[in-house]
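Quick notes on the structure that follows.
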Amino acid sequence: MIVDAVAAEWRKLCSIRSTSWILAVTAAFTGFTVLLAIQMAQVWDGLSADRREDFLLRPLQELSTWVASLCLAVLGALSVTSEYRTGMIRATLTVLPRRSALLPAKAVVVGAVALLAGEAATVGSFLGTRLVIGDRPFPDQHASLVHDLPGFLVEGTAVPLFALLGLALGVLLRSTAGTLVSVVFLWHVLPLLVFHLPPPWNERAGSVMPGGLPAQMAGLGANNSIYGDLLSPGAATGLLLAYALVPLGLAALVLTRRDA
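Written out as structure tokens, the structure is:
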């Protein structure tokens, strides 16, 4: 039953026109990040030695992950709100009367797509920018590719987190607009509000924001970031899983008890 449900959800996700557009935007922004790296390399060449010491590349490398998180959160939301909007959810529940299997199937498909897209965007941005800068000694790029790559792979785990949040909120709210507003608030607005809290509360609250957890899991720190870095890798991993699983659990409970 679960395997059939996953296969059905995969076909439905592929049939949604927005899926191709969202993945295309994610890929295009990764390419845009590489273009920005070319511009930064040209700027670097014209700087004095003193100014080069403060010219960092890492914030640029993380842009693709940041944007991919929003894009795949939109995909997660549309994977369910589109069914509520068109009424297809009734047909889905008729074919799959066991509602307890529907949300896990959607979560597997959405999470897998988001993980692959997120890692592709993260690694593509990282490798592309490193290729562009060549042997320019940016102060935050001294480590080898082998040393830095695992950290960026871990950062890519933020993308499926936001995708699953979008999916869970879509089930709870049943509204595309309401879900997307909620996702954007959690993705960017809330961290900005937290960032402007007085110290030390800004760093304490910033450390538990969803977008700041992958960097802490990888031990990359939060320099030049709106997030904090007070959590250990283990604590950050546990909280990241809670952000994904708790909303999904609540959504599963609501889905089994609420009429379509």
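Here the sequence shown is numbered in UniProt numbering, starting from 1 and rising by one per residue.
Ideal Cβ placement from N, Cα and C applies to all residues, glycine included.
Nearest to V246 (by Cα), restricted to the options A107, D229 and Q39: Taking the first residue of the sequence shown as 1, we reach residue 246 at position 246. It is A107 whose Cα lies nearest to the Cα of V246.
Exposure label - V3; buried when at least 16 CB within 10 Å: Translated into the one-based positions of the sequence shown, residue 3 becomes position 3. Burial call: exposed.
Extent of the continuous alpha helix (DSSP H) run through H147: Taking the sequence shown and counting its residues from 1, the one referred to as residue 147 is at position 147. Element bounds for H147: L145 to E155.
Integer Cβ distance of L75 from I22, believed to fall under 8 Å: If you number the sequence shown from 1, residue 75 lands on position 75. If you number the sequence shown from 1, residue 22 lands on position 22. L75 to I22, Cβ: 5 Å. Contact.
Selection from L57, A77 and T65 that minimises the alpha carbon distance to L248: Position 248 of the sequence shown, counted from the start, is the residue given in the question as residue 248. When only C-alpha atoms are compared, the closest one is A77.
Cβ-based burial, D50 [other Cβ within 10 Å; buried from 16]: Working through the sequence shown from its first residue, we reach residue 50 at position 50. With fewer than 16 other Cβ atoms within 10 Å, it is exposed.
Length of the line joining the Cα atoms of A112 and S48: Against the sequence shown, residue 112 aligns to sequence position 112. Against the sequence shown, residue 48 aligns to sequence position 48. Their Cα atoms are separated by approximately 45 Å.
Assigned secondary structure, G228 (DSSP; H/G/I helix, E/B strand, else coil): The count along the sequence shown starts at 1 and reaches residue 228 at position 228. Here G228 sits in coil by DSSP.
Between the CA atoms of L193 and E9 - distance to the nearest angstrom: Here residue 9 refers to the residue found at position 9 of the sequence shown. Here residue 193 refers to the residue found at position 193 of the sequence shown. Those two C-alpha atoms are separated by around 36 Å.
Start and end residues, alpha helix (DSSP H) containing S15: Start at 1 with the first residue of the sequence shown, and residue 15 comes out as number 15. It spans I2 to S15 - the alpha helix (DSSP H) in which S15 sits, taken as one unbroken run.
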